[in-house]
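The numbering of the sequence shown is this note's numbering, which starts it at 1097 and goes up by one.
Idealized CB from N, CA, C, for every residue including glycine.
Single-structure report; data block below.
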Amino acid sequence: MKREKLVDIMLTILSVAAFLGGLWMVFFYAPREATMGDVQRIFYFHVASAWVGFFGFFITFLGSIGYLITTKRQWDILAFSSAEIGLSFISMTLVTGMLWAKPVWGTYWTWEPRLTISAVQWLLYVAYVMLRGSVLSPEREARFAAVYGIAAFVTVPLSWFAIRWWRSIHPLVISGEGMAMSATMRYTLFLALGTFTLLYATLLRQRIQLEKAKDELANLRLQVES
């Protein structure tokens, strides 16, 4: 127990330190983008949160498969916890994207392919989180959620390939099309990606512990009632 507490504390300290370092790089180290100006700094938060959101949904996908194969509660906890955190980061992606789009595109939202898929994805995972607990049988709920989590994951590769398959005004960040990135911009982006991934790991660990504590409390109530 002490070891777990120590790991939690270390992860939290590392997350805070990395986040502060990332903020410094975004606002003071990375140069001002020539065309968009300072509003381009939203880009680092936008891309990093999108990456972690996708990664969170991928872990939900793996956890869902693991549960269907083994029916072990630990896989269900992993899938559910990661979906909640992934949804939080994808919500941040949508908000930062709209804040960035307004001064650049002249509108907060346009129904181009990637944004449309992103909206559908957000709604699907909101439904996933809301539907948890709506089924009376925990086993049936876990099976239904596992199938849903696997099916909903199709939105991740669709979102990734949308701007490669269909005509889109959304820039290709990885290939560098639409926005030239200097070396300092790339370093800042890499740190942002690492920082948000570390934050995801910290939150996931704590969310899993919370779900396990919830199970322990439910078992204690059953023992008292019996």
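Supposed contact pair residue j and residue i - C-beta distance, whole angstroms, cut 8 Å
i     : j     : result
W1218 : I1186 : 6 Å
T1298 : L1107 : 4 Å
Run of the alpha helix (DSSP H) containing residue i, from where it starts to where it stops
i     : result
R1282 : 1279 to 1321
E1180 : 1169 to 1201
V1148 : 1138 to 1166
T1108 : 1098 to 1120
P1234 : 1234 to 1248
Contact under 8 Å by Cβ, residue i with residue j
i     : j     : result
V1122 : W1196 : no
W1147 : L1254 : no
A1126 : T1284 : yes
Y1244 : G1182 : no
I1105 : I1304 : no
T1079 : H1142 : Absent from the model: residue 1079. The displayed extent of the chain is 1097 to 1322, so no value can be given.
L1294 : S1178 : no
F1240 : A1144 : no
Collapsed DSSP secondary structure at residue i in the structure displayed
i     : result
E1208 : coil
G1229 : coil
G1272 : With a pLDDT of 48 at G1272, under the threshold of 50, the modelled position of that residue is not reliable, and the figure given next carries that caveat. Coil at G1272, not helix or strand.
Buried versus exposed, by CB contacts within 10 Å (16 or more), residue i
i     : result
A1242 : buried
A1258 : buried
G1229 : exposed
M1281 : buried
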